[in-house]
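To start, the structure itself, in C-alpha coordinates.
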Amino acid sequence: MKAFKDYIIQFVGLKEGEHHFNFDINNTFFQNFEYDEFNSADVKVELKLIKKTTLLELYFSASGFVNVNCDLTNEPYDQAIEDEYKLVVKFGAEYNDDNEDILIVAHGEYEINVAQYIYELIVLSVPIKRVHPGIEDGSLQSDILSKLEELSPNEDSKTKSSEDIDPRWNNLKKLLTDK
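If you read the sequence shown in UniProt numbering, its first letter stands for residue 1, the second for the next number, and so on.
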(Lines of atoms letter the chains of each structure in order from A and count residues from 1; the text may use other names and numbers.)
(Lines give C-alpha, C1' and ligand atoms only; values in the text may rest on other atoms or scores of the structure.)
Protein backbone atom coordinates (compact mmCIF):
# COMPACT_ATOMS: atom_id res chain seq x y z
CA MET A 1 0.00 0.00 0.00
CA LYS A 2 3.02 2.30 0.41
CA ALA A 3 3.41 2.31 -3.37
CA PHE A 4 0.12 4.18 -3.71
CA LYS A 5 0.77 6.89 -1.11
CA ASP A 6 1.21 9.48 -3.90
CA TYR A 7 -2.38 8.83 -4.99
CA ILE A 8 -3.97 9.56 -1.62
CA ILE A 9 -5.83 12.87 -1.52
CA GLN A 10 -6.56 14.37 1.88
CA PHE A 11 -9.72 16.33 1.35
CA VAL A 12 -10.35 17.43 4.94
CA GLY A 13 -7.88 20.33 4.85
CA LEU A 14 -9.05 21.59 1.47
CA LYS A 15 -11.31 24.61 1.15
CA GLU A 16 -14.61 24.35 -0.66
CA GLY A 17 -14.20 24.84 -4.38
CA GLU A 18 -12.03 23.52 -7.19
CA HIS A 19 -8.65 21.82 -6.69
CA HIS A 20 -6.33 20.30 -9.31
CA PHE A 21 -3.98 17.33 -9.05
CA ASN A 22 -1.67 15.90 -11.73
CA PHE A 23 -0.29 12.38 -11.92
CA ASP A 24 2.37 10.97 -14.27
CA ILE A 25 1.65 7.29 -14.81
CA ASN A 26 4.36 4.91 -16.02
CA ASN A 27 5.01 1.17 -15.97
CA THR A 28 5.91 1.16 -12.26
CA PHE A 29 2.32 2.12 -11.46
CA PHE A 30 0.98 -0.93 -13.32
CA GLN A 31 3.61 -3.24 -11.81
CA ASN A 32 2.23 -2.33 -8.37
CA PHE A 33 -1.12 -3.69 -9.58
CA GLU A 34 0.69 -6.76 -11.03
CA TYR A 35 -0.62 -5.83 -14.49
CA ASP A 36 1.84 -6.70 -17.25
CA GLU A 37 -0.15 -6.16 -20.48
CA PHE A 38 1.69 -2.91 -21.25
CA ASN A 39 5.29 -2.85 -22.46
CA SER A 40 5.59 0.76 -21.34
CA ALA A 41 3.27 3.59 -20.38
CA ASP A 42 3.37 7.36 -20.40
CA VAL A 43 -0.01 8.75 -19.38
CA LYS A 44 -0.79 12.09 -17.80
CA VAL A 45 -3.83 12.08 -15.53
CA GLU A 46 -5.39 15.35 -14.46
CA LEU A 47 -7.79 15.25 -11.54
CA LYS A 48 -10.15 18.12 -10.84
CA LEU A 49 -11.68 17.83 -7.38
CA ILE A 50 -14.65 20.01 -6.54
CA LYS A 51 -15.29 20.06 -2.83
CA LYS A 52 -18.82 20.89 -1.71
CA THR A 53 -20.34 20.84 1.75
CA THR A 54 -21.97 17.41 1.42
CA LEU A 55 -19.99 15.68 -1.33
CA LEU A 56 -16.90 15.62 -3.54
CA GLU A 57 -16.87 15.54 -7.32
CA LEU A 58 -13.81 14.05 -8.99
CA TYR A 59 -13.20 14.54 -12.71
CA PHE A 60 -10.42 12.35 -14.11
CA SER A 61 -8.90 13.09 -17.52
CA ALA A 62 -6.22 10.80 -18.97
CA SER A 63 -4.11 11.39 -22.08
CA GLY A 64 -0.93 9.79 -23.35
CA PHE A 65 0.05 6.40 -24.72
CA VAL A 66 0.70 2.83 -23.69
CA ASN A 67 2.93 0.49 -25.66
CA VAL A 68 1.11 -2.80 -26.32
CA ASN A 69 1.54 -5.79 -28.61
CA CYS A 70 -0.70 -6.18 -31.64
CA ASP A 71 -3.18 -9.06 -31.36
CA LEU A 72 -2.55 -10.12 -34.96
CA THR A 73 1.20 -9.78 -35.43
CA ASN A 74 2.50 -9.41 -31.87
CA GLU A 75 4.40 -6.31 -33.01
CA PRO A 76 4.65 -3.61 -30.32
CA TYR A 77 3.08 -0.21 -31.02
CA ASP A 78 1.97 2.88 -29.12
CA GLN A 79 -1.76 2.98 -28.42
CA ALA A 80 -3.10 6.47 -27.77
CA ILE A 81 -5.07 6.98 -24.56
CA GLU A 82 -7.76 9.68 -24.27
CA ASP A 83 -10.50 9.17 -21.70
CA GLU A 84 -12.46 10.86 -18.94
CA TYR A 85 -14.28 9.66 -15.85
CA LYS A 86 -16.48 11.33 -13.24
CA LEU A 87 -16.82 10.06 -9.67
CA VAL A 88 -19.05 11.46 -6.95
CA VAL A 89 -17.97 10.83 -3.36
CA LYS A 90 -20.73 11.01 -0.76
CA PHE A 91 -20.58 10.51 2.98
CA GLY A 92 -22.60 7.82 4.71
CA ALA A 93 -22.68 5.36 7.59
CA GLU A 94 -20.24 2.91 5.98
CA TYR A 95 -18.00 2.43 2.95
CA ASN A 96 -19.87 1.34 -0.21
CA ASP A 97 -18.53 1.16 -3.76
CA ASP A 98 -21.31 -0.91 -5.36
CA ASN A 99 -22.20 1.85 -7.81
CA GLU A 100 -19.43 2.63 -10.30
CA ASP A 101 -20.18 6.37 -10.42
CA ILE A 102 -20.87 6.98 -6.72
CA LEU A 103 -18.53 6.14 -3.85
CA ILE A 104 -19.84 6.32 -0.31
CA VAL A 105 -17.24 6.75 2.43
CA ALA A 106 -17.76 6.78 6.19
CA HIS A 107 -18.31 10.14 7.88
CA GLY A 108 -14.99 9.98 9.76
CA GLU A 109 -12.83 9.57 6.63
CA TYR A 110 -10.42 12.36 5.77
CA GLU A 111 -8.68 10.99 2.65
CA ILE A 112 -9.38 9.02 -0.51
CA ASN A 113 -7.06 6.82 -2.56
CA VAL A 114 -7.59 7.41 -6.30
CA ALA A 115 -5.05 4.85 -7.59
CA GLN A 116 -7.68 2.19 -8.37
CA TYR A 117 -9.79 4.68 -10.36
CA ILE A 118 -6.76 5.84 -12.38
CA TYR A 119 -5.82 2.22 -13.06
CA GLU A 120 -9.32 1.33 -14.28
CA LEU A 121 -9.57 4.50 -16.39
CA ILE A 122 -6.39 3.69 -18.31
CA VAL A 123 -6.87 -0.07 -18.66
CA LEU A 124 -10.47 0.30 -19.84
CA SER A 125 -9.57 2.96 -22.40
CA VAL A 126 -7.40 0.49 -24.36
CA PRO A 127 -9.45 -1.19 -27.11
CA ILE A 128 -10.36 -4.85 -26.68
CA LYS A 129 -8.86 -5.76 -30.05
CA ARG A 130 -5.45 -4.15 -30.39
CA VAL A 131 -4.48 -3.81 -34.04
CA HIS A 132 -1.23 -2.18 -35.17
CA PRO A 133 -2.00 0.96 -37.24
CA GLY A 134 0.44 -0.30 -39.89
CA ILE A 135 -1.88 -3.21 -40.67
CA GLU A 136 -4.80 -0.94 -41.49
CA ASP A 137 -2.82 1.36 -43.79
CA GLY A 138 -0.64 -1.44 -45.22
CA SER A 139 2.71 0.01 -44.14
CA LEU A 140 3.63 -2.74 -41.64
CA GLN A 141 5.99 -5.41 -42.97
CA SER A 142 6.44 -8.44 -40.72
CA ASP A 143 7.01 -12.17 -41.11
CA ILE A 144 3.81 -13.03 -39.25
CA LEU A 145 1.69 -10.75 -41.44
CA SER A 146 3.12 -12.19 -44.66
CA LYS A 147 2.48 -15.73 -43.38
CA LEU A 148 -1.15 -14.81 -42.54
CA GLU A 149 -1.66 -13.47 -46.07
CA GLU A 150 -0.09 -16.61 -47.54
CA LEU A 151 -2.40 -18.90 -45.57
CA SER A 152 -5.59 -16.90 -46.11
CA PRO A 153 -8.11 -18.45 -48.51
CA ASN A 154 -8.11 -17.09 -52.04
CA GLU A 155 -11.17 -15.36 -53.48
CA ASP A 156 -10.97 -17.62 -56.56
CA SER A 157 -11.48 -20.77 -54.52
CA LYS A 158 -14.63 -19.32 -52.91
CA THR A 159 -16.49 -18.80 -56.17
CA LYS A 160 -17.27 -22.14 -57.72
CA SER A 161 -18.85 -22.52 -61.09
CA SER A 162 -21.91 -24.67 -61.67
CA GLU A 163 -19.68 -27.32 -63.29
CA ASP A 164 -17.89 -27.96 -59.99
CA ILE A 165 -21.16 -28.64 -58.12
CA ASP A 166 -22.14 -32.27 -57.67
CA PRO A 167 -25.20 -33.02 -59.90
CA ARG A 168 -27.00 -34.68 -56.98
CA TRP A 169 -27.36 -31.26 -55.36
CA ASN A 170 -29.23 -29.97 -58.39
CA ASN A 171 -31.83 -32.75 -57.93
CA LEU A 172 -32.21 -31.74 -54.29
CA LYS A 173 -32.68 -28.09 -55.26
CA LYS A 174 -35.57 -29.14 -57.50
CA LEU A 175 -37.36 -30.44 -54.39
CA LEU A 176 -37.37 -26.90 -52.98
CA THR A 177 -38.91 -25.39 -56.11
CA ASP A 178 -41.45 -28.20 -56.78
CA LYS A 179 -43.65 -27.32 -53.78
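The beta carbon of each residue, even a glycine, is placed where N, CA and C say it ideally should be.
On a predicted model such as this, the values are computed, not experimentally measured, just so you know.
Backbone secondary structure at residue i - three-state DSSP
i      : result
Ser152 : coil
Pro76  : strand
Lys52  : coil
Asp83  : strand
Ala93  : coil
Val123 : helix
Ile104 : strand
Tyr35  : coil
Boundaries (first-last residue) of the beta strand (DSSP E) holding residue i
i     : result
Gly17 : Gly17 to Ile25
Ala3  : From DSSP, Ala3 is part of no beta strand (DSSP E); its letter is neither H nor E.
Beta-carbon contacts of residue i that lie in its chain and below 7 Å, excluding the five residues immediately before and after
i     : result
Thr53 : Glu16
Ile25 : Ala41, Val43, Val45, Ile118 and Ile122
Leu14 : Lys51
Own chain residues within Cβ distance below 6 Å of residue i, not counting five before or after
i      : result
Glu84  : Ser61
Glu111 : Ile8 and Gln10
Asn39  : Asn67 and Pro76
Counted within 10 angstroms of its Cβ, other Cβ atoms place residue i as buried (16 or more) or exposed
i      : result
His107 : exposed
Val45  : buried
Val12  : exposed
His20  : exposed
Range covered by the alpha helix (DSSP H) that runs through residue i
i      : result
Pro133 : Pro133 to Asp137
Leu176 : Pro167 to Thr177
Beta-carbon separation (whole angstroms), residue i vs residue j, contact threshold 8 Å
i      : j      : result
Val126 : Val68  : 7 Å
Lys90  : Ile102 : 6 Å
Ile81  : Ser63  : 6 Å
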